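The structure appears below as C-alpha cells.
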Amino acid sequence: MQNTNRTHVAIMTADPSGIGLFGLAIVTLVASSQKLGLTDGLSYVLPWAIFLGAFAQLFACIQDAKLNNTFGMTAFGAYAFFWFAMGVSWLIKLGTFGPHLANGIDGKQLGFAFAGYLVFTLFMTIGAMETHKVLFFIFVLIDALFLGLALDAFGIAPEIFHPLAAYAELGIALLSLYGAGAAVLNVHFGRIFLPVGRPFGIFKPRT
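So for the sequence shown, my numbering puts the first residue at 1267; every next one is plus one.
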C-alpha cells in the first residue's frame, strides 16, 4: 500500500501591513495635495490611486488572507477596491470613456458610496481599537475623510466639509507613513523602534 502520509511544511508569510500602509500613505498624500489646492487636476493623481492606493493595498489584502488576518484582509481589500473605483470614476470625469459618460455624471452617486464607506469605516474603527493606537487614529481620520467627502458630494456646507476631507486625508497620509515605517523597522530590528501604542483593551484582553 502506498504511504499517503504527507509532511506539512509551514510557510511563513511576512506582515504585509508595511506595504499596505505605504500605499495608503502615498495615494492620500497626492490626493490631499489636489484637494488643498497645492496641485491641480487629476491626471497625475490617477497612477498613484491605481498602483499605490489600489494594487499595493490589494497585495496586502491577499497576504493578510494567507495569515488568516480577517481584519487586515477586509480593511486593505475594501480600500483597495475604493481606489480602483475612484480611479475609474476620475477617468470617466476626464472623458476617457467618451463624452456621453462624462456628461452623465451625478456627483451625489459618489456621495452614497462615500456614506457607505463611512459606515463601514466606523465598524473598522471599533476593531482598530484592539490593534494599536496609530492604526486606530488612522481610522478616525478616515471616518472624518468619508464624512467630509459624503456631505461635500451632497452639497451640504461644502465650504466646511471639503476642507475637512482635505486635511483629514493629509493626516491619514502622515500617520500612515509613520505606521508603515513602524511596521517595517519594528520587525526588522526585533524591538520597538517606532512605538505605535498598545491596544485599548476594551473589547478583548491585552496580550
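Where is the CB? At the ideal position from N, CA and C, for every residue including glycine. None of these values were measured; they are calculated from a predicted model.
(1) Tell me which same chain residues have a C-beta within less than 7 Å of the C-beta of G1286, skipping the five on either side of it?
(2) Considering Cα atoms alone, identify which of F1389, A1432 and L1407 is closest to D1418.
(3) Is the beta carbon of S1298 less than 7 Å from the beta carbon of T1305?
(4) Taking a contact to mean a Cβ-Cβ separation below 7 Å, would you say V1400 touches G1445 in this structure?
(5) On the three-state DSSP scale, how would you describe A1309?
(6) Of all the options G1338, D1330, A1331 and N1452, which has the alpha carbon lying nearest to the alpha carbon of F1402?
(7) Is I1358 near T1387, with beta carbons less than 7 Å apart?
(8) Over the uninterrupted alpha helix (DSSP H) stretch that includes N1452, give me the two end residues.
(9) Mind checking whether L1415 and F1378 have CB atoms under 7 Å apart?
(10) Only counting runs of 3 or more residues, tell me where the beta strand (DSSP E) segments fall wholly within the stretch 1308-1389, in order along the chain.
(11) Roughly how many angstroms separate the alpha carbons of A1351 and Y1383, rounded to a whole number?
(12) Please state whether DSSP places T1273 in a helix, a strand or coil.
(13) Could you check what DSSP says for V1296 in three-state terms: helix, strand or coil?
(14) Measuring alpha carbon to alpha carbon, tell me which of G1456, V1450 and F1469 ends up nearest S1283.
Reading from the atomic positions:
(1) A1322, Q1323, A1326 and F1342, listed in sequence order.
(2) By alpha-carbon distance to D1418, the top candidate from F1389, A1432 and L1407 is A1432.
(3) Taking C-beta atoms as the reference points, S1298 and T1305 fail to come closer than 7 Å.
(4) In contact: V1400 and G1445 (Cβ atoms closer than 7 Å).
(5) The displayed chain sequence assigns Ser, not Ala, to residue 1309. Under the three-state reduction of DSSP, S1309 is assigned to coil, being neither helix nor strand.
(6) When each option's Cα is compared against that of F1402, the closest is G1338.
(7) No, the pair does not count as a contact, with Cβ atoms beyond the cut-off.
(8) Residue range P1424 to F1455 is occupied by the alpha helix (DSSP H) that includes N1452.
(9) Not in contact: L1415 and F1378 (Cβ atoms no closer than 7 Å).
(10) For the stretch 1308-1389, not a single whole beta strand (DSSP E) run of length 3 or above is found.
(11) Their Cα atoms are separated by approximately 12 Å.
(12) Residue placement at T1273 is poorly supported in this model, since its pLDDT is 40, which falls under 50; the coordinates still yield a value, given next. Coil.
(13) Three-state result, V1296: helix.
(14) Among G1456, V1450 and F1469, the Cα nearest to that of S1283 is on V1450.
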